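Peer 1: One structure, pasted below without further comment.
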Amino acid sequence: MIDLVEIYVHWYAGRSQAQIADSLGLDRKTVRKYLGPVAGSGLVPGGPPVMTEADWRARAQSWFPALVDKGLRQVTWPAIDVHRDYITAQLAAGVTVSTIHQRLVDEQGFEASVASVRRWVRGNLPEEARRAQVRVLRPGPVEPGSEAQIDYGRLGVWTDPATGRRHTVQAFVMVLACSRYMFVRPVLRMDQEAWTHCHVEAFAFFGGFPARLVPDNLKTGVDKPDLYDPQINRSYAELAAHYGTLVDPARAFKPKDKPRVERPMPYVRDSFWRGREFTTLEQMEVGAVRWSRDVAGARSCRPLDGAAPAAVFAAVEAPALRPLPATEFVLATWSTGKVGPDIHVKVGPVLYSVPWRVIGQQVHACSTATMVQVVHEGKVVATHVRRERGRSTTVEHYPPERIAFHMRTPIWCREVAEQVGPA
Numbered sequence: 041m042i043d044l045v046e047i048y049v050h051w052y053a054g055r056s057q058a059q060i061a062d063s064l065g066l067d068r069k070t071v072r073k074y075l076g077p078v079a080g081s082g083l084v085p086g087g088p089p090v091m092t093e094a095d096w097r098a099r100a101q102s103w104f105p106a107l108v109d110k111g112l113r114q115v116t117w118p119a120i121d122v123h124r125d126y127i128t129a130q131l132a133a134g135v136t137v138s139t140i141h142q143r144l145v146d147e148q149g150f151e152a153s154v155a156s157v158r159r160w161v162r163g164n165l166p167e168e169a170r171r172a173q174v175r176v177l178r179p180g181p182v183e184p185g186s187e188a189q190i191d192y193g194r195l196g197v198w199t200d201p202a203t204g205r206r207h208t209v210q211a212f213v214m215v216l217a218c219s220r221y222m223f224v225r226p227v228l229r230m231d232q233e234a235w236t237h238c239h240v241e242a243f244a245f246f247g248g249f250p251a252r253l254v255p256d257n258l259k260t261g262v263d264k265p266d267l268y269d270p271q272i273n274r275s276y277a278e279l280a281a282h283y284g285t286l287v288d289p290a291r292a293f294k295p296k297d298k299p300r301v302e303r304p305m306p307y308v309r310d311s312f313w314r315g316r317e318f319t320t321l322e323q324m325e326v327g328a329v330r331w332s333r334d335v336a337g338a339r340s341c342r343p344l345d346g347a348a349p350a351a352v353f354a355a356v357e358a359p360a361l362r363p364l365p366a367t368e369f370v371l372a373t374w375s376t377g378k379v380g381p382d383i384h385v386k387v388g389p390v391l392y393s394v395p396w397r398v399i400g401q402q403v404h405a406c407s408t409a410t411m412v413q414v415v416h417e418g419k420v421v422a423t424h425v426r427r428e429r430g431r432s433t434t435v436e437h438y439p440p441e442r443i444a445f446h447m448r449t450p451i452w453c454r455e456v457a458e459q460v461g462p463a
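Sequential numbering of the sequence shown, starting at 41, is according to my numbering.
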């Protein structure tokens, strides 16, 4: 319980709200809230009148009776106690107090606040309250080659000297969970192509790949987060299938699921990025590889008992990684679009034609560096050379009668003339 008298005594002694908050371990907004009535009463630090602790306690009781009289905070406890067995069973099943409160409100017409339920649990079910506070650590050390944790982290703003444009630079970071050996690659865009390409470069840097990837739930990796059956992005799933690795995303808003990549982010930002000047993105990428190998890989790592991650990687984890496939992975980006009346579908900034029979239908487009394929109901219906802008049209995709005028070659004209006759 907050001791209001202590707040008022500190204020009366001339201390600022910030100093009071820091000394008592409170939020500054909380201190400001409880000092509000003091300013309205005309009191000033140092008096007059001279205020004793008894005087402050009397005033605090009139301003905030619920905080001074503990009994006033327990008026809802009899109503909560009616549901004792239900709350106990739900806590034993691992349900949080907030969820229990919401279920009681929805199913039983419960009126007490969730804060009252929390206080009731702490006061009446101390064992269950302590049970809910227990945090389970990861089971034992991670096996070599079993896991890599992946995330993006913001490095800062970079001005391109060639164009004068300012870019926000993000760092793609992959950390092998056993040896803590990391790969860092700066990117200017966090799109599907950059996400996939960074994975390919990371596997080449390590000379192999782990059995399991633990990324964040960003859209370029996971379409729909789920604890048991997450929907992996199609391009990312193709990458995992090509390398033969498992994608196991961390839970949404649970950074502790990938602590080995979350913790080094400030270190990457401070050691690699700050205070350095880069003229091109390529220089950044080369510098990041060199830094990952010579600086981050050679540092003394406390979780490894002071050993260097690069040394542990070479001795333990590198032999345990799975070998790279013999064929190179082709970067592909999938998108979805609707075919318009002009028999074209938009893929990025370019329009590509498809057979007229699929007008108005949803199709999927697979884009590589050189080619675009349009897929409908699992079948490839159109293939085009990739363009950077404009439109790519295949005449055969139109109905014959609609395109006949544009196909009137001299041979076609003679054939029609013979059919018409001398007239």
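Backbone N, C-alpha and C define an ideal beta-carbon position, used for all residues, glycine too. Since this is a predicted model, take the numbers as computed values, not measurements.
Round the Cβ separation of T260 and D231 to the nearest angstrom and send it over; I've been treating them as touching at under 8 Å.
Peer 2: Reading the sequence shown from its first residue, position 220 is the one you call residue 260. Reading the sequence shown from its first residue, position 191 is the one you call residue 231. Going by Cβ atoms, the distance from T260 to D231 rounds to 7 Å, so yes, they are a contact pair.
Peer 1: Please work out which residues of its chain come closer than 7 Å, Cβ to Cβ, to T319, disregarding the five sequence neighbours upstream and downstream, and give them in chain order.
Peer 2: Working through the sequence shown from its first residue, we reach residue 319 at position 279. Cβ neighbours of T319 beyond the five flanking positions: P201.
Peer 1: Per the DSSP calculation, G196 is bridged to which residue(s)?
Peer 2: Counted from its first residue, the sequence shown places residue 196 at position 156. For G196, which the question treats as bridged, DSSP gives the partners V209.
Peer 1: Between the C-alpha atoms of A100 and V301, what's the straight-line distance to the nearest angstrom?
Peer 2: Against the sequence shown, residue 100 aligns to sequence position 60. Against the sequence shown, residue 301 aligns to sequence position 261. Rounded to the nearest angstrom, the two C-alpha atoms are 48 Å apart.
Peer 1: Could you give the distance in angstroms between the alpha-carbon of M324 and the alpha-carbon of W313?
Peer 2: Translated into the one-based positions of the sequence shown, residue 324 becomes position 284. Translated into the one-based positions of the sequence shown, residue 313 becomes position 273. Cα to Cα, M324 sits roughly 9 Å from W313.
Peer 1: Between which two residues does the alpha helix (DSSP H) holding M324 run?
Peer 2: The residue given as residue 324 occupies position 284 in the sequence shown. Start and end: 321-331.
Peer 1: Looking at the structure shown, is G204 part of a helix, part of a strand, or coil, going by DSSP?
Peer 2: By one-based count along the sequence shown, residue 204 stands at place 164. In the structure shown, G204 sits in coil (DSSP, three-state: anything other than H, G, I, E or B).
Peer 1: Taking the C-alpha atoms as reference points, what is the distance between P299 and Y307?
Peer 2: By 1-based counting over the sequence shown, the position of residue 299 is 259. By 1-based counting over the sequence shown, the position of residue 307 is 267. Rounded to whole angstroms, P299 to Y307 spans 14 Å at the Cα level.
Peer 1: Looking at A354: is its Cβ nearer than 7 Å to the Cβ of V224?
Peer 2: Taking the sequence shown and counting its residues from 1, one reaches residue 354 at position 314. Taking the sequence shown and counting its residues from 1, one reaches residue 224 at position 184. Taking 7 Å as the Cβ cut-off, A354 and V224 do not qualify as a contacting pair.
Peer 1: Just how far apart, CA to CA, sit G315 and Q210?
Peer 2: Along the sequence shown, one-based indexing puts residue 315 at 275. Along the sequence shown, one-based indexing puts residue 210 at 170. Looking at the two C-alpha atoms, the distance is approximately 16 Å.
Peer 1: Would L112 be called buried (16 or more neighbouring beta carbons within 10 Å of its own) or exposed?
Peer 2: Within the sequence shown, the letter at position 72 stands for residue 112. Caution is warranted here: a pLDDT of 49 is assigned to L112, below 50, making its placement in the model unreliable, and no coordinate value can be reported.
Peer 1: I'd like to confirm the pairing. Which residues does DSSP put opposite D191 in its beta bridges?
Peer 2: Locating residue 191 in the sequence shown gives position 151, counting from the first residue. Answer by DSSP bridge pairing, in chain order: V213.
Peer 1: Taking the DSSP output, what are the residues bridged to T236?
Peer 2: The residue you call residue 236 lines up with position 196 of the sequence shown. DSSP lists no partner for T236.
Peer 1: Please classify E368 as buried or exposed, where buried requires at least 16 neighbouring CB atoms within 10 angstroms.
Peer 2: In the sequence shown, the residue the question calls residue 368 occupies position 328. The residue is exposed, with fewer than 16 neighbouring Cβ atoms inside 10 Å.
Peer 1: DSSP three-state call for V49: helix, strand or coil?
Peer 2: Sequence index remark: in the sequence shown, residue 49 carries index 9 (1-based). Residue state, collapsed to three classes: helix.
Peer 1: Taking the continuous alpha helix (DSSP H) assigned at V301, which residues delimit it?
Peer 2: Looking up residue 301 in the sequence shown gives position 261. Residues 299-302.
Peer 1: In three-state DSSP terms, what is Y392?
Peer 2: Start at 1 with the first residue of the sequence shown, and residue 392 comes out as number 352. DSSP places Y392 in strand when its eight states are reduced to three.
Peer 1: Rounded to whole angstroms, what's the CA-CA distance from V379 to D191? Just pull it up for me.
Peer 2: Indexing the sequence shown from 1 puts residue 379 at position 339. Indexing the sequence shown from 1 puts residue 191 at position 151. Whole-angstrom Cα-Cα distance: 35 Å.
Peer 1: Taking the straight line between their C-alpha atoms, what separation do you get for I47 and V115?
Peer 2: For the purposes of this step, residue 47 is identified with residue 7 of the sequence shown, where counting begins at 1. For the purposes of this step, residue 115 is identified with residue 75 of the sequence shown, where counting begins at 1. Near 26 Å, if we compare the C-alpha coordinates of V115 and I47.
Peer 1: Quick one, which of A79, P77, Q57, V78 has its alpha-carbon nearest K69's?
Peer 2: By 1-based counting over the sequence shown, the position of residue 69 is 29. The candidate whose alpha carbon is nearest that of K69 is Q57.
Peer 1: Looking at C-alpha atoms only, which residue of L321, M305, A366, E357 is the closest neighbour of A336?
Peer 2: Working through the sequence shown from its first residue, we reach residue 336 at position 296. Comparing Cα-Cα distances from A336 to each of L321, M305, A366, E357, the minimum goes to M305.
Peer 1: For D256, count neighbouring C-beta atoms within 10 Å of its own C-beta (all shown protein chains included) and say buried if the count is 16 or more, exposed if not.
Peer 2: For the purposes of this step, residue 256 is taken as residue 216 along the sequence shown, with counting starting at 1. D256 comes out buried.
Peer 1: D146 to D125, Cα distance in whole Å?
Peer 2: Looking up residue 146 in the sequence shown gives position 106. Looking up residue 125 in the sequence shown gives position 85. When rounded, the distance between both Cα atoms is 18 Å.
Peer 1: Going by C-alpha distance, which of G149, C238, A405 is nearest G377?
Peer 2: Residue mapping note: residue 377 aligns to position 337 of the sequence shown, counting from 1. Checked all of G149, C238, A405; the closest Cα to G377 is A405.
Peer 1: Please report the residue range of the alpha helix (DSSP H) in which A422 lies.
Peer 2: Looking up residue 422 in the sequence shown gives position 382. It is not in any alpha helix (DSSP H) - A422 instead sits in the beta strand (DSSP E) that spans 419-425.
Peer 1: Answer yes or no: do F212 and V227 have a C-beta to C-beta separation smaller than 7 Å?
Peer 2: Residue 212 sits at position 172 when you count from the first residue of the sequence shown. Residue 227 sits at position 187 when you count from the first residue of the sequence shown. Yes, these two residues count as a Cβ contact at 7 Å.
Peer 1: In the DSSP assignment, the alpha helix (DSSP H) including A281 goes from what residue to what residue?
Peer 2: Residue 281 sits at position 241 when you count from the first residue of the sequence shown. Taken as a continuous stretch (DSSP letters only), the alpha helix (DSSP H) holding A281 covers 274-283.
Peer 1: Per DSSP, what kind of secondary structure is H404 in: helix, strand or coil?
Peer 2: Here residue 404 is taken as the residue at index 364 of the sequence shown, counted from 1. Strand, per DSSP.
Peer 1: Using a Cβ-Cβ cutoff of less than 6 Å, which residues in the same chain neighbour V297 once the five nearest sequence positions on both sides are dropped?
Peer 2: Counted from its first residue, the sequence shown places residue 297 at position 257. Reading off the sequence shown, one finds Asp at residue 297, where the question assumed Val. The answer, listed in chain order, is A290, R291.
Peer 1: Does the beta-carbon of F249 have 16 or more other beta-carbons within 10 angstroms, so that it is buried, or is it exposed?
Peer 2: Stepping through the sequence shown from its first residue, residue 249 is reached at position 209. Under this definition F249 is a buried residue.
Peer 1: Check the C-beta distance from V154 over to I120 and give it rounded, since I have them as a contact under 8 Å.
Peer 2: Within the sequence shown, the letter at position 114 stands for residue 154. Within the sequence shown, the letter at position 80 stands for residue 120. About 11 Å; that fails the 8 Å criterion.
Peer 1: State buried or exposed for G76, treating a residue as buried only when at least 16 other CB atoms are found within 10 Å of its CB.
Peer 2: By 1-based counting over the sequence shown, the position of residue 76 is 36. By the neighbour-count rule (16 or more Cβ atoms within 10 Å), G76 is not buried but exposed.
Peer 1: Suppose the cutoff is 6 Å on Cβ atoms and the five residues either side in sequence are ignored; what does the same chain contact list for R96 look like?
Peer 2: Within the sequence shown, the letter at position 56 stands for residue 96. Position check: residue 96 holds Trp in this sequence, whereas Arg was assumed. So the list reads V45, Y48, once near-sequence residues are dropped.
Peer 1: If distances are taken between C-alpha atoms only, which option among G193, W51, V390 comes closest to D310?
Peer 2: Here residue 310 corresponds to residue number 270 of the sequence shown, with the count starting at 1. The shortest C-alpha separation from D310 is found at G193.
Peer 1: With a threshold of 16 other CB atoms inside 10 Å of the CB of L267, please say whether the residue is buried or exposed.
Peer 2: Along the sequence shown, one-based indexing puts residue 267 at 227. It counts as exposed.
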